[in-house]
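Q:
In the working numbering, the protein residues as written are 4 to 243.
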């Protein structure tokens, strides 16, 4: 089995019960070479008590007001010393206790990104969502629907901060910059699900802002080629 270290980062704000579920998922992993960081935005609902009660598996944590989710994620990146980094936010989980072991056993040929499918959980239902092949053009067309953030592991050779000027689409900008990194080789797609992702995040609740930021990011990285995204954007708008 691979001996590479995996940094797992959880960003949380006032979600004590959801954090418990995520922590238990980390605790149950058969893969041993994990460091785990929790970045709390200054919660007042008992989240800090949950963190302290699980200090045996939490390498470090911070609990303070932040400037948004991407600012919080950047704090987590500053802690990470692993060969690979993955974000599982409060309420998200690995699919089962063998997930990281399975991922690390399947990494091959020096990829800089590794990703799989995701189980979408919400309203009592769970559905498996398959990722698209991660390329510049798939990001232009599908945006963040190319793959799920919680199913992606990033190698330390290309791990970079998010642009915290974005409120909702910092991860799409991040994807473009990751595959454009000078040390990027290729992204390896796995044939199994990596994470169970809890639906209902802020991006779904702020649809218009989400759409506007998507257009800004696509235009910034794709220029006139951003027109490729128009069918998907129109579909999303009509569905909304």
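All C-beta atoms in this analysis are idealised placements derived from N, C-alpha and C, irrespective of residue type, glycine included.
To the nearest angstrom, how far is the alpha carbon of residue 206 from that of residue 78?
A: Within the chain shown, residue 206 is the residue found at index 203, counting from 1. Within the chain shown, residue 78 is the residue found at index 75, counting from 1. Since pLDDT at residue 206 reaches only 49, below the 50 mark, its modelled position is unreliable, and the value read off the structure follows with that caveat. Looking at the two C-alpha atoms, the distance is approximately 21 Å.
Q: From the DSSP output, read off the bridge partner residues of residue 43.
A: Position 40 of the chain shown, counted from the first residue, corresponds to residue 43. Answer is 15, 66.
Q: The alpha helix (DSSP H) spanning residue 131 covers which residue range?
A: Here residue 131 refers to the residue found at position 128 when the chain shown is read from its first residue. Here residue 131 belongs to no alpha helix (DSSP H); instead the beta strand (DSSP E) covers 128-132.
Q: Specify whether the segment 147-161 and the segment 67-76 touch according to this definition: at least 3 beta carbon pairs, one from each stretch, less than 8 Å apart.
A: No, they do not touch.
Q: Closest to residue 228 by C-alpha separation, out of 153, 192, 143, would be which residue?
A: Indexing the chain shown from 1 puts residue 228 at position 225. Taking only the C-alpha atoms, the option nearest residue 228 is 143.
Q: Which first and last residues belong to the alpha helix (DSSP H) in which residue 226 is found?
A: Counting from 1 along the chain shown, the entry for residue 226 is found at position 223. Taken as a continuous stretch (DSSP letters only), residue 226 belongs to no alpha helix (DSSP H), as it is neither H nor E.
Q: Can you tell me which of the three DSSP states residue 206 falls into?
A: Translated into the one-based positions of the chain shown, residue 206 becomes position 203. In this predicted model, residue 206 has a pLDDT of only 49, less than 50, meaning its place in the structure is not dependable; the value taken from the coordinates is given anyway. In the structure shown, residue 206 sits in a helix (DSSP, three-state: H, G or I).
Q: Provide the residue(s) that pair with residue 192 in DSSP beta bridges, ordered along the chain.
A: Along the chain shown, read from residue 1 onward, the residue named residue 192 stands at position 189. According to DSSP, which records beta bridges pairwise, residue 192 is partnered with 118.
Q: Going by beta-carbon coordinates alone, are residue 172 and residue 222 separated by less than 8 Å?
A: For this step, residue 172 is matched to residue 169 along the chain shown. For this step, residue 222 is matched to residue 219 along the chain shown. Contact: no.
Q: Just verifying my parser: in three-state terms, what is the DSSP assignment at residue 200?
A: Position 197 of the chain shown, counted from the start, is the residue given in the question as residue 200. Of the three classes helix, strand and coil, the one that applies to residue 200 here is strand, per DSSP.
Q: Shortest alpha-carbon distance to residue 17 belongs to which of 168, 180, 158, 45?
A: Here residue 17 refers to the residue found at position 14 when the chain shown is read from its first residue. With distances taken between Cα atoms, residue 17 lies closest to 45.
Q: Helix or strand or just coil, what does DSSP make of residue 146?
A: For the purposes of this step, residue 146 is taken as residue 143 along the chain shown, with counting starting at 1. Residue state, collapsed to three classes: helix.
Q: Relative to the alpha-carbon of residue 214, which residue among 197, 232, 199 has its alpha-carbon at the smallest distance?
A: For this step, residue 214 is matched to residue 211 along the chain shown. The shortest C-alpha separation from residue 214 is found at 232.
Q: How would you write the range of the alpha helix (DSSP H) that residue 157 sits in, first residue to last?
A: By one-based count along the chain shown, residue 157 stands at place 154. From DSSP, residue 157 is part of no alpha helix (DSSP H) but of the beta strand (DSSP E) over 155-158.
Q: Within the same chain, show all residues whose beta-carbon is closer than 7 Å to that of residue 25, passing over the 5 residues directly before and after it, in chain order.
A: In the chain shown, residue 25 corresponds to position 22, counting from 1. Correct list, in chain order: 13, 91, 93, 94, 95, 96.
Q: Which two residues bound the contiguous alpha helix (DSSP H) that contains residue 50?
A: Working through the chain shown from its first residue, we reach residue 50 at position 47. It spans 50-56 - the alpha helix (DSSP H) in which residue 50 sits, taken as one unbroken run.
Q: Looking at residue 32 and residue 102, is the spacing between their C-beta atoms short of 8 Å?
A: Your numbering for residue 102 matches position 99 in the chain shown. Your numbering for residue 32 matches position 29 in the chain shown. Yes, the Cβ-Cβ distance between residue 102 and residue 32 is below 8 Å.
Q: Can you tell me the Cα-Cα spacing of residue 118 and residue 57, whole angstroms?
A: Against the chain shown, residue 118 aligns to sequence position 115. Against the chain shown, residue 57 aligns to sequence position 54. Cα-Cα distance, rounded: 28 Å.
Q: Which complete beta strand (DSSP E) runs does the segment 65-116 hold, if anything under 3 residues is left out?
A: If we require 3 residues or more, the beta strand (DSSP E) runs fully inside the segment 65-116 come out as 87-90.
Q: Using C-beta distances below 6 Å, list every residue in its chain close to residue 155, excluding the 5 sequence neighbours before and after it, in chain order.
A: For this step, residue 155 is matched to residue 152 along the chain shown. Same-chain partners within the cutoff: 118.
Q: Residue range of the alpha helix (DSSP H) that residue 239 falls in?
A: Residue numbering aside, residue 239 sits at position 236 when the chain shown is read from its first letter. Start and end: 233-242.
Q: Hey, how far is the Cα of residue 195 from the Cα of residue 65?
A: As a first step, residue 195 must be located in the chain shown, where it is residue number 192. As a first step, residue 65 must be located in the chain shown, where it is residue number 62. The straight-line gap from Cα to Cα measures roughly 33 Å.
Q: Helix, strand or coil for residue 185 per DSSP?
A: The sequence position of residue 185 within the chain shown is 182, counting from 1. Coil at residue 185, not helix or strand.
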